[in-house]
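Engineer: Can you read through this structure? Questions will come right after.
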Ligand code: PLP
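In our numbering, the protein residues as written are 157 to 527.
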């Protein structure tokens, strides 16, 4: 968390009233929640009354899928094959349709067009993927859905994209947008969602009717205030951070590819001018090393202070085999040697130097054991 966000969170403990209560302490707490709501609304290009706070990105994603069903006769959910499990599992659970991607990890728009019709209730395509960082063609998705699935809401999981992309500019015609605090210097366990007016979403948590009747439960006031403070700081710095961290990421990826033979970088194309990473968000460096097992590599580099991931973490802490790389057509062997390095607003040149010293040496060590 950003230090200023920690300060804002601690300060918010003074608003100990329950925001939905009737007295002055309650109104003070609700004012703090609504101040955060205005910041988030602004950052996502929405009206304050279109922003609801919830407990996580997962909760927002689940609400988007389950809540969009049965507003009309339409009851079929559709999503891309590279969605986070918070979207993919609900869609699969409901027997929905899953749309493929190309080898760069971008949605197959023809496959989408062929899967839409009046029976479709919601189409969910993430703004940028959490493993590869690849940005999705949302404008085309919206156009296709409006043309072919008149009863469908469009949802985008912007959890990974928000710190890098101007989501307000990228999603003006999207009905539902999810974000999560811990991806942009805020606390874990707080999420937010844009639900455009007139969406008719059905609440999945019933109770006191908080958050415009869409998410019952007493507000996490300090968490919401901190999420708002993090969003304000992040939006303020986003352009500068993109430039600085994008250059760090390029150096990291270029040097790892130079130092480690048989390395594949995902989501990029090669041009006469070098590697084109324009499809990817600036903080994402995602590589696959031949003849390596990710778990062993993660273990070795952790001992040297490099904390990374392979696919997405599951509750056990083990690494799930990547459904994203499988959808992109990567073999199980190559996907098994994937490494997901995430840079953030606090990443430095020294961090990149350290990773460049540690990772190639660890791979050499693992490969030499294989003979
Ligand atoms: N969606 C994406 C793209 C994510 O990367 C994550 C978390 O890493 C989530 C959803 C889930 O968010 P949360 O961890 O807040 O439940």
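Where a beta carbon is used, it is the ideal one built from N, C-alpha and C, also for glycine.
Report the three-state DSSP secondary structure of residue 329 (helix, strand or coil).
Structural biologist: Residue state, collapsed to three classes: coil.
Engineer: DSSP has residue 209 in a bridge; who is on the other side?
Structural biologist: According to DSSP, residue 209 bridges with 348.
Engineer: Measure how close the beta-carbons of residue 213 and residue 336 come, nearest whole angstrom, since I'm counting them as under 8 Å.
Structural biologist: Correct: roughly 3 Å between the Cβ atoms.
Engineer: Three or more C-beta pairs under 8 Å: does that hold for the stretch 196-216 against the stretch 434-454?
Structural biologist: They do not touch, by the three-pair rule.
Engineer: Quick one: grab the DSSP three-state call for residue 421.
Structural biologist: Three-state DSSP puts residue 421 in a strand.
Engineer: Excluding the 5 residues flanking residue 257 on each side, which residues of the same chain have their C-beta closer than 7 Å to its C-beta?
Structural biologist: 236, 237, 238, 263, 264, 483, 484, listed in sequence order.
Engineer: Jot down the residue ranges of each uninterrupted alpha helix (DSSP H) in the stretch 364-427, minimum 4 residues, whole runs only, in chain order.
Structural biologist: Runs of the alpha helix (DSSP H) inside the stretch 364-427: 377-415.
Engineer: Have a look at 488, 458, 233 and flag the residue whose alpha-carbon is nearest the alpha-carbon of residue 513.
Structural biologist: Among 488, 458, 233, the Cα nearest to that of residue 513 belongs to 458.
Engineer: Are the CB atoms of residue 490 and residue 420 nearer to each other than 8 Å?
Structural biologist: In contact: residue 490 and residue 420 (Cβ atoms closer than 8 Å).
Engineer: From this set, 465, 157, 159, 187, which residue's C-alpha is nearest residue 171's C-alpha?
Structural biologist: Of 465, 157, 159, 187, the residue nearest in Cα terms is 187.
Engineer: So what does residue 497 bridge to, in DSSP terms?
Structural biologist: Paired residue(s): 441.
Engineer: So if DSSP puts residue 334 in a beta bridge, which residue, or which two residues, is it bridged to?
Structural biologist: According to DSSP, residue 334 bridges with 313, 349.
Engineer: Check the C-beta distance from residue 522 over to residue 464 and give it rounded, since I have them as a contact under 8 Å.
Structural biologist: No, residue 522 and residue 464 are not in contact; Cβ-Cβ is about 14 Å, not under 8 Å.
Engineer: Can you give me the start and stop residues for the beta strand (DSSP E) that residue 431 sits inside?
Structural biologist: Looking at the DSSP string, the run of the beta strand (DSSP E) that includes residue 431 is 430-432.
Engineer: Going by alpha carbons, who is nearest to residue 435 out of 279, 226, 195, 291?
Structural biologist: Selected option, being the one with the closest Cα: 291.
Engineer: Is residue 199 helix, strand or coil by DSSP?
Structural biologist: Residue 199: helix per DSSP, three-state reduction.
Engineer: Give a yes or no on whether the C-beta atoms belonging to residue 346 and residue 211 are separated by under 8 Å.
Structural biologist: Taking 8 Å as the Cβ cut-off, residue 346 and residue 211 qualify as a contacting pair.
Engineer: Thinking C-alpha only, which one of 343, 261, 224 is nearest residue 279?
Structural biologist: Of the candidates 343, 261, 224, the one whose C-alpha sits nearest the C-alpha of residue 279 is 224.
Engineer: By the DSSP assignment, the alpha helix (DSSP H) with residue 280 in it spans what residues?
Structural biologist: From DSSP, residue 280 is part of no alpha helix (DSSP H) but of the beta strand (DSSP E) over 276-280.
Engineer: Can you tell me where the alpha helix (DSSP H) holding residue 304 begins and where it ends?
Structural biologist: Unbroken alpha helix (DSSP H) run through residue 304: 294-304.
Engineer: To which residues of the same chain is residue 310 closer than 6 Å at the C-beta, ignoring the five residues directly before and after it?
Structural biologist: For residue 310, where only same-chain residues beyond five positions count, the Cβ hits under 6 Å are 279, 298, 301, 330, 331.
Engineer: Check the Cβ-Cβ distances between residue 327 and every residue of chain C, and say whether any is below 8 Å.
Structural biologist: Among the chains of the structure shown, chain C does not appear; only one protein chain is present.
Engineer: From the DSSP output, in three-state form, read off residue 462 for me.
Structural biologist: Three-state DSSP puts residue 462 in coil, outside helix and strand.
Engineer: Using the Cα positions of residue 590 and residue 499, report the straight-line distance between them to the nearest angstrom.
Structural biologist: This structure cannot settle anything about residue 590, because the visible part of the chain is limited to 157 through 527.
Engineer: Start and end of the alpha helix (DSSP H) containing residue 247?
Structural biologist: Per DSSP, residue 247 belongs to the alpha helix (DSSP H) from 241-249.
Engineer: Thinking just about the alpha-carbon of each residue, which of 526, 438, 219, 396 is nearest to the one in residue 287?
Structural biologist: Nearest of 526, 438, 219, 396 to residue 287, Cα basis: 438.
Engineer: Along the chain, where does the alpha helix (DSSP H) that runs through residue 236 open and close?
Structural biologist: Note, residue 236: premise wrong, no alpha helix (DSSP H); beta strand (DSSP E) at 232-236.
Engineer: From 396, 220, 506, pick the residue whose C-alpha is nearest to that of residue 334; which is it?
Structural biologist: Closest by alpha carbon: 220.
Engineer: Return helix, strand or coil for residue 284, following the three-state DSSP convention.
Structural biologist: Residue 284: strand per DSSP, three-state reduction.
Engineer: Could you give the DSSP three-state label for residue 456: helix, strand or coil?
Structural biologist: Reduced to three states, the DSSP call for residue 456 is helix.
Engineer: Within 10 angstroms of the Cβ of residue 432, are there 16 or more other Cβ atoms? Answer buried if so, exposed if not.
Structural biologist: It is exposed - the Cβ of residue 432 has fewer than 16 other Cβ atoms within 10 Å.
Engineer: So, at 6 Å on beta carbons, what are the nonlocal neighbours of residue 272 in its own chain, with the 5 sequence-adjacent residues on each side left out?
Structural biologist: Taken in chain order, the residues that qualify are 304, 305.
Engineer: Is the beta carbon of residue 497 sitting closer than 8 Å to the one on residue 370?
Structural biologist: Not in contact: residue 497 and residue 370 (Cβ atoms no closer than 8 Å).
Engineer: Using C-beta distances below 6 Å, list every residue in its chain close to residue 250, excluding the 5 sequence neighbours before and after it, in chain order.
Structural biologist: So the list reads 233, once near-sequence residues are dropped.
Engineer: Would you grab the beta carbon distance between residue 208 and residue 368 for me? Rounded to a whole angstrom, and I think it's under 8 Å.
Structural biologist: Residue 208 to residue 368, Cβ: 6 Å. Contact.
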